[in-house]
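Working notes, beginning with the structure itself.
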Amino acid sequence: MLNILTAPKQFSWRGKMEEKNLFEKLVEMSPGMEIWWDSSPIIFENWCKKMLAKADAADQDILKAQFARMYNPESPETQLFRGVTTNPPLSLQAIEDDVPRWEKIAAGFIEKNPDIDVEGLFWMNYKEIVRLGSEAYLPLFEKSGYKEGYLSGQVDPRSVFDRDAMLAQALEIAAINPNVMVKVPGTAEGYEVIEELTAKGIATNNTLSFILPQFMDCARTVKRGLERAKKDGVDLSKWRSVITAMESRYGDLGGLRDFGKEQGIELSEADVRWAELAIFKKACRLLKEGNYPSKMLSCSLRLGPTVNGEQRIWHLEEKVGADIVVTCPPGYIDQVLNFENQKNIVFEENTIERDIPADVMEKLMRIPYFEKAYREDGYTRDEYNTHPALQRTADQFSKATGKAVAFAEKCLKG
Numbered sequence: 093m094l095n096i097l098t099a100p101k102q103f104s105w106r107g108k109m110e111e112k113n114l115f116e117k118l119v120e121m122s123p124g125m126e127i128w129w130d131s132s133p134i135i136f137e138n139w140c141k142k143m144l145a146k147a148d149a150a151d152q153d154i155l156k157a158q159f160a161r162m163y164n165p166e167s168p169e170t171q172l173f174r175g176v177t178t179n180p181p182l183s184l185q186a187i188e189d190d191v192p193r194w195e196k197i198a199a200g201f202i203e204k205n206p207d208i209d210v211e212g213l214f215w216m217n218y219k220e221i222v223r224l225g226s227e228a229y230l231p232l233f234e235k236s237g238y239k240e241g242y243l244s245g246q247v248d249p250r251s252v253f254d255r256d257a258m259l260a261q262a263l264e265i266a267a268i269n270p271n272v273m274v275k276v277p278g279t280a281e282g283y284e285v286i287e288e289l290t291a292k293g294i295a296t297n298n299t300l301s302f303i304l305p306q307f308m309d310c311a312r313t314v315k316r317g318l319e320r321a322k323k324d325g326v327d328l329s330k331w332r333s334v335i336t337a338m339e340s341r342y343g344d345l346g347g348l349r350d351f352g353k354e355q356g357i358e359l360s361e362a363d364v365r366w367a368e369l370a371i372f373k374k375a376c377r378l379l380k381e382g383n384y385p386s387k388m389l390s391c392s393l394r395l396g397p398t399v400n401g402e403q404r405i406w407h408l409e410e411k412v413g414a415d416i417v418v419t420c421p422p423g424y425i426d427q428v429l430n431f432e433n434q435k436n437i438v439f440e441e442n443t444i445e446r447d448i449p450a451d452v453m454e455k456l457m458r459i460p461y462f463e464k465a466y467r468e469d470g471y472t473r474d475e476y477n478t479h480p481a482l483q484r485t486a487d488q489f490s491k492a493t494g495k496a497v498a499f500a501e502k503c504l505k506g
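Those letters in the sequence shown? Residues 93 to 506, by this note's numbering.
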């Protein structure tokens, strides 16, 4: 159990927190849903302390109890978080959360490997972050019979178009711990890697994926890899597949509003959220209808939109009853726990099956950026690599990786 210290009295909240948070309420109404922690587990305790430091005294006991339910290595089968996702920016956060610790770890690697170069040290640091984080979830992995407790470790985002480099990195990452799931991008080359890893019985998480053609391509790719694995008698007891929908990265970072303006269509915040949800809901339906072995994973979530002067959380409200993974970074969890309108968020049953308003869909379907994303065959595999959301996300992740490399360089220079 975490040893969360008594927080100093630096209050910013109002003391109106409910005993159960919205994530717990959502899971209660969604039996197949899993909430995952979207960051390295090694920062969880410090994050809890920071949250308590800004909480109203009236909320601190409630918060402590909620944190203990989120992650409980003594009783992992009862905890809220059922797995972990990480990426280069989140791994960089792990270093920044405790720089002296990572300077010491890096120094140990340098001492044991005196001829190591900057890239080699960066890669050792990264794999150590994956190792430490995955170990924290091994108890859940074992208790669940290898069904839950996975940690996703991502291949180098600077290699998203290099099949051979990604495959080599993926095999190294997968070997770190039995509960490590490899995150592979939704590029043309990435799907080739996913098929090869699946054929070897290695768990995968398809990242940098935003649109229905990618999701369905991944589902079919995984199915082919799985057939190969079964034919070859590969052990699949520790295998799993999730397909990540980077929702707001499609709508916001990808530029849906700008593409709408090109067609003379003004989109509201609500329209953008509906667009993201439309693609995600259709993917969930098609995976279920096709009996695909993969599970959809919802990430890049946002608060909003504001409806009739009241802020909502549609990225949660519209997924009730879904058999999916919902992964949440610390900042988003903070926003939801601190959501002023929380008592007015009342989840309705099976909203995952609720259609998008017809007038909104009619408007969205007149925008090629959405229409192609919503159609199974809207893009060919070769077109994924030039999708704006993929290119911009890969660029952001590469820059974060560059900062982690710079940290390694600093450590080498002493």
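Positions of the beta carbon are idealized from the N, C-alpha and C atoms, including for glycine.
Boundaries of the alpha helix (DSSP H) in which Ser490 is found, first to last residue: Boundaries of the alpha helix (DSSP H) around Ser490: Pro480 to Lys505.
Runs of beta strand (DSSP E) wholly within the region 260-326 (minimum 3 residues, chain order): Fully enclosed beta strand (DSSP E) runs of 3 or longer: 272-277 and 296-299.
Whether Pro463 touches Pro305 by CB criterion (8 Å): A quick correction: the sequence has Glu, not Pro, at residue 463. Not closer than 8 Å, so no.
Assigned secondary structure, Trp128 (DSSP; H/G/I helix, E/B strand, else coil): If DSSP states are grouped into helix, strand and coil, Trp128 belongs with the strands.
Contacting residues, own chain, Cβ-Cβ under 6 Å from Cys310 (five flanking each side not counted): Cβ neighbours of Cys310 beyond the five flanking positions: Asn298 and Ile335.
Under the three-state DSSP convention, the category Gly356 falls into: Collapsing the DSSP output to three states places Gly356 in coil.
Arg174 in three-state terms, based on DSSP: If DSSP states are grouped into helix, strand and coil, Arg174 belongs with the strands.
Beta-carbon separation (whole angstroms), Tyr476 vs Thr279, contact threshold 8 Å: Their Cβ separation, rounded to whole angstroms, is 6 Å, which keeps Tyr476 and Thr279 in contact under 8 Å.
Any 3 or more C-beta pairs closer than 8 Å across the region 383-401 and the region 346-354: With a cut-off of 8 Å, the region 346-354 and the region 383-401 do not count as touching, because too few Cβ pairs lie within range.
Option nearest Trp128 by Cα separation, candidates Ile416, Gln434, Arg446 and Ala160: The candidate whose alpha carbon is nearest that of Trp128 is Ile416.
Residues that Cys420 bridges to, as DSSP identifies them: Bridge partners of Cys420: Trp129.
Bridge-paired residues (DSSP) for Gly225: Residue pairing by DSSP leaves Gly225 without any beta bridge partner.
In DSSP terms, what Glu402 is bridged to: As computed with DSSP, Glu402 is found in a beta bridge with Val399.
Cβ-based neighbour list, Asn433, same chain, cut-off 7 Å, excluding 5 preceding and 5 following: Hits under 7 Å: Glu402 and Gln403.
Outcome for Ser329 when other beta-carbon atoms lying within 10 angstroms are tallied against a minimum of 16: Taking a 10 Å sphere around the C-beta of Ser329, we find fewer than 16 other C-beta atoms and assign the residue as exposed.
Proximity below 8 Å, CB of Ala486 to CB of Pro249: Contact flag set, yes.
Integer-rounded CB distance, given that Val222 should sit under 8 Å from Ile187: Ile187 to Val222, Cβ: 13 Å. No contact.
Range covered by the alpha helix (DSSP H) that runs through Ala160: Element bounds for Ala160: Ala149 to Met162.
As assigned by DSSP and simplified to three states, the class of Pro247: Correcting the residue identity first, residue 247 is Val in this sequence and not Pro. Coil at Val247, not helix or strand.
Reduced DSSP category for Leu328 - H, G, I as helix; E, B as strand; rest coil: For Leu328, the secondary structure class from DSSP, reduced to helix, strand or coil, is coil.
Inter-stretch contact at 8 Å, needing at least 3 Cβ pairs: the region 225-242 / the region 254-263: In this structure the region 225-242 does not lie against the region 254-263, because fewer than three pairs of beta carbons, one per stretch, are closer than 8 Å.
Sheet register partners of Ala337 (DSSP bridge): DSSP, once it has assigned bridges, lists Ser390 as partnering Ala337.
CA nearest to the CA of Ala267, picked from Gly245, Tyr283, Phe214 and Ile371: Taking only the C-alpha atoms, the option nearest Ala267 is Gly245.
Outcome for Asn76 when other beta-carbon atoms lying within 10 angstroms are tallied against a minimum of 16: This structure does not reach residue 76, given that the chain is present from 93 up to 506, and the question cannot be answered.
C-alpha gap between Glu284 and Asp148, whole angstroms: Their backbone Cα atoms lie some 51 Å apart in a straight line.
CA-to-CA distance, Ala199 to Cys503, given in whole angstroms: Approximately 7 Å between the Cα atoms of the pair.
Selected residue, minimal CA-CA separation from Leu224, among Ile135, Ile303 and Lys146: Nearest C-alpha to Leu224: Ile135.
Leu118, enclosing alpha helix (DSSP H) - first and last residue: Leu114 to Glu120 is the extent of the alpha helix (DSSP H) around Leu118.
When Phe439, Cys140, Glu126 and Met109 are compared against Gly423, the one with the closest alpha-carbon: Of Phe439, Cys140, Glu126 and Met109, the residue nearest in Cα terms is Cys140.
Reduced DSSP category for Tyr476 - H, G, I as helix; E, B as strand; rest coil: It is helical.
First through last residue of the alpha helix (DSSP H) which encompasses Val452: Element bounds for Val452: Ala450 to Leu456.
Simplified DSSP assignment, three categories, for Tyr384: It is coil, neither helix nor strand.
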